[in-house]
């Protein structure tokens, strides 16, 4: 399991008890969804001054 800083799970993988954890690291990282922001081009100006 990989969790964020607040403890919310991002990806989970279940394996057998005799399986080495290192072999599951890359598939677990690939299972994390991409970070999504707002659509379109990023703002160049602040909303308020």
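Residue numbers (UniProt numbering): 1 to 49. Where a beta carbon is used, it is the ideal one built from N, C-alpha and C, also for glycine.
In three-state terms, what does DSSP make of residue 27?
As a first step, residue 27 is located in the chain shown; it is residue number 27 there, counting from the start. Helix.
CB of residue 28 within 7 Å of CB of residue 8, strictly:
By one-based count along the chain shown, residue 28 stands at place 28. By one-based count along the chain shown, residue 8 stands at place 8. The Cβ-Cβ distance between residue 28 and residue 8 does not fall below 7 Å.
Who are residue 9's beta bridge partners in DSSP?
On the chain shown, position 9 is the one that residue 9 refers to. Looking at the DSSP output, residue 9 shares a beta bridge with 3.
Put residue 22 into one of helix, strand or coil per three-state DSSP.
Translated into positions along the chain shown, residue 22 becomes position 22. Here residue 22 carries a helix assignment [DSSP, helix/strand/coil].
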